[in-house]
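Only one structure is covered here, and it is reproduced in the block below.
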Amino acid sequence: MAAAASLVTASLACAQPAPDTGSLGAGSSDADGGGPGGPEPEDTLPGLDVSTVLDGLENPWDVVVAPDGAILTGQRSGGFVVSRPDGSTGPVEADLQDLFVASETGLMGIALAPDFEDSRTVYTCQGHQGDVTDIRVVSWTVDPEWTALTRTGTVIDGLPTASGRHGGCRLLAMPDGTLFVGTGDSASPTVPQDPASLGGKVLHITADGAPAPGNPDPASPVYSLGHRNVQGLAVQPGTDRLYGVEQGTSRDDEVNLLRAGANYGYRPDRLPFVYDESVPMTDPVRVPGAVEAVWSSGPSTLATASGAFVTGDAWGEWDGSLVMGIQEESRLVFLRLAEDGESVTHRADGLVGEHGRLRSVTPQPDGSLLVTTDNGENDSVLRVSPAG
Ligand SMILES: [Ca+2]
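Note that the sequence shown covers residues 1 to 388 in the UniProt record's numbering.
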């Protein structure tokens, strides 16, 4: 990439305030909702071995691992990069001429279709500019040698964007071929509670963009609402529980147990036409029936940027825990959930301050994690393994 482009992106990244910090300051007395901050971190995590899979990147957002062992990432400002099964690394060509890059929006979530070995289908969620400016899920196929992605269609479009702030966008491909899409509210006051808007939601769609079976409104892709900026989606192994991770305002990053039709209670429209971030992340007073978070960070946010479950004996007592990539507080946070999945019993932090801001966490079949850094320059895809 051109050095000039690197500088522009880096300076934009530096110019942004701490992500998702409320512009209206600390919460009012209404902002007492949310959890107590959860359990304090404990020092029981196994040692973590870290190696570099890809480096020299700029804001690699998501990362996926293919059945052949290829590891694919995409930089937020554009450009796919792969580590191939033969050990070679490099760019993967793709037509991204329409990519809308602004603030937190650009090339974001990536997912492989469950039939990837046959179909070679890759999904991305990305900003788009053309006749309209929006965020959309795009489908691609990739050649067996991992040299080029070919665009095959638009799965769903019309996810709102304005400045690019709060653009989501996390993809989770399910074994049945459907997709969950975690979206951002585009920092617009009425979007999270507007059932007709695709922003501030978790969507559930089929591979052709139709509402998935089981959605609360069979004619709508909306699965759940009242979200601020869904950054992580993960299904707990051994259960069918779907969890969402979102970033708080000036407080209360949240982990939510997602259910069809549930409202997660963010309603930043108290003042006309103002995106009012002094409201609680979950507001049962102004959103009757709002579902409280399973875990929230309490008064001090971390900037939770992703979520995945780790598995394997090497993780010890943390086998089966939910891990989150953390931007502002530069670490991984591991949470152990109660048996009923409704609360968190233990927390441990890893890689504290060692690699700067962390974005996505993607489990590999061997139990290790792929982690993307989010520092704006000299970013990496890391492999993180529990030390034997
Ligand atoms: Ca909430």
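We put the beta carbon where it would ideally sit given N, CA and C, even for glycine.
Small disclaimer: the values here were computed from a predicted structure and weren't measured.
Measuring straight from C-alpha to C-alpha, what distance separates residue i and residue j?
| i | j | result |
| --- | --- | --- |
| valine 64 | glutamine 193 | 31 Å |
| histidine 128 | glycine 265 | 28 Å |
| glycine 209 | glycine 47 | 42 Å |
| glycine 312 | lysine 201 | 32 Å |
| leucine 332 | serine 368 | 13 Å |
| proline 189 | glycine 226 | 11 Å |
| proline 195 | alanine 102 | 25 Å |
| phenylalanine 273 | valine 384 | 44 Å |
| alanine 219 | leucine 203 | 12 Å |
| glutamine 364 | alanine 94 | 25 Å |
| proline 386 | glutamine 236 | 19 Å |
| proline 41 | histidine 346 | 7 Å |
| proline 280 | aspartate 269 | 11 Å |
| serine 51 | aspartate 62 | 17 Å |
| glutamate 377 | arginine 241 | 36 Å |
Measuring alpha carbon to alpha carbon, tell me which residue in the options is nearest residue i.
| i | options | result |
| --- | --- | --- |
| glycine 164 | Gly90, Pro272, Ser77 | Ser77 |
| glycine 325 | Ala314, Ser306, Glu317, Gly312 | Ser306 |
| alanine 260 | Val181, Gly214, Leu107 | Gly214 |
| arginine 120 | Gly341, Pro67, Leu233, Ile156 | Pro67 |
| isoleucine 205 | Ile156, Leu242, Ala234, Glu93 | Ile156 |
| leucine 179 | Glu145, Cys125, Thr141 | Cys125 |
| asparagine 59 | Ser278, Val81, Leu322, Gly341 | Val81 |
| glycine 87 | Ala111, Glu117, Gly79, Val53 | Val53 |
According to DSSP, simplified to helix, strand and coil, what is residue i?
| i | result |
| --- | --- |
| phenylalanine 309 | strand |
| aspartate 49 | strand |
| serine 119 | helix |
| glutamate 377 | coil |
| glutamate 93 | strand |
Are residue i and residue j closer than 7 Å when you measure CB to CB?
| i | j | result |
| --- | --- | --- |
| glutamate 254 | alanine 308 | no |
| serine 197 | threonine 161 | no |
| arginine 151 | glycine 109 | no |
| glutamine 231 | valine 245 | yes |
| alanine 262 | valine 285 | no |
| isoleucine 314 | threonine 44 | It is worth fixing the name first, because residue 314 is alanine in this sequence and not isoleucine. Not in contact: alanine 314 and threonine 44 (Cβ atoms no closer than 7 Å). |
| tryptophan 295 | valine 361 | no |
| alanine 173 | proline 211 | no |
| valine 142 | leucine 149 | yes |
| leucine 99 | aspartate 379 | no |
Quick test of your reading: residue i and residue j, contact by CB under 8 Å. State the CB separation rounded to the nearest angstrom.
| i | j | result |
| --- | --- | --- |
| glutamine 247 | arginine 228 | 7 Å |
| glycine 74 | proline 85 | Actually they are not in contact, since the Cβ atoms of glycine 74 and proline 85 sit about 19 Å apart, beyond 8 Å. |
| valine 92 | threonine 147 | 6 Å |
| threonine 249 | glycine 167 | Actually they do not touch by this definition, with Cβ atoms about 17 Å apart. |
| threonine 373 | glycine 353 | No, threonine 373 and glycine 353 are not in contact; Cβ-Cβ is about 12 Å, not under 8 Å. |
Is the CB of residue i under 7 Å away from at least one CB in chain C?
| i | result |
| --- | --- |
| aspartate 115 | The structure shown has no chain C; it contains just one protein chain. |
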